[in-house]
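Numbering (our numbering), first residue to last: 4 to 216. What follows is a short report on a single structure.
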């Protein structure tokens with residue numbers, strides 16, 4: 004349905020760009036939701052414009068300006084409910100139009116490279132999302148019985164946000180980094196695991212993300 008609407012809305016317009024307020028939507032949460040629901044994510048979501056970047060270049064304000072504050076700083080009134088997905092999208096679009104009317108140039112600010120395929124090798128522990136058991140690649144049939152006797156069971160279950168300790172790896176093959184959603188809204192207080200190479204300055208290196216059980 005979305006693709007049909009997008010095709011009709013952009014007929015004859017050539018290229019398009021996804022616009023967000025921050026990198027979280029396209030870099031992290033959309034990737035996670037599509038994987039969880041088994042939905043193939045369209046490739047046009049892999050490149051986007053973080054409107055926070057051109058806004059700061061034009062009006063300043065630092066990296067902690069909220070979308071509502073940015074809308075008001077641009078001389079616009081906030082319309083709708085705060086943290087409502089549809090209203091947030093509409094206000095983001097209104098802010099985008101206002102910045103373009105002021106002559107601010109829009110360019111792609113973020114991109115997401117396709118995740119490298121996981122290569123299964125004999126006797127190599129394969130990582131899986133937190134809360135699910137990992138598995139060993141099956142050895143040749145002749146060696147199965149002997150190796151089952153030699154190798155003790157390896158614990159790789161994890162109970163996020165408390166419980167028995169465990170290990171979970173992101174696509175960078177390093178231990179994941181846990182966190183709690185602090186932004187007000189329906190997801191506030193929920194625990195999650197993301198890229199272990201995440202830094203405040205650069206954000207995540209890989210798109211790994213999973214909600215804690």
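Don't be surprised by glycine CBs; every beta carbon is placed ideally from N, CA and C. Just so you know, these numbers come straight off a predicted model, no measurement behind them.
Check: Let's see if you can read the secondary structure: which residues bound the alpha helix (DSSP H) around residue 88?; Outcome: 88 to 104
Check: Please classify residue 57: does DSSP put it in a helix, a strand, or coil?; Outcome: helix
Check: Which term fits residue 47, buried or exposed, when burial requires 16 or more other beta carbons within 10 angstroms of its beta carbon?; Outcome: exposed
Check: Spatial neighbours of residue 26 within its chain, please: CB distance less than 7 Å, with the 5 preceding and 5 following residues excluded, ordered by chain position.; Outcome: 53, 113, 206
Check: Tell me the rounded alpha-carbon separation between residue 108 and residue 34.; Outcome: 27 Å
Check: Can you grab the Cα-Cα spacing for the pair residue 183 / residue 21, in whole Å?; Outcome: 26 Å
Check: Check whether the region 187 to 202 touches the region 5 to 15, counting contact only when three or more Cβ pairs, one atom from each stretch, lie closer than 8 Å.; Outcome: no
Check: Below 8 Å on the Cβ atoms is my contact criterion, and I expect residue 76 with residue 102 to pass it. Report the Cβ-Cβ distance as a whole number of Å.; Outcome: Contact flag wrong, Cβ pair sits at about 11 Å.
Check: Any idea if residue 39 is buried or exposed, counting beta-carbon neighbours within 10 angstroms, 16 or more meaning buried?; Outcome: exposed
Check: List the endpoints of the continuous beta strand (DSSP E) containing residue 8.; Outcome: Segment 5 to 12 is the alpha helix (DSSP H) holding residue 8; no beta strand (DSSP E) there.
Check: List the residues that DSSP assigns as beta-bridge partners of residue 180.; Outcome: 197
Check: Just list the residues that DSSP pairs residue 51 with in beta bridges.; Outcome: 21, 113
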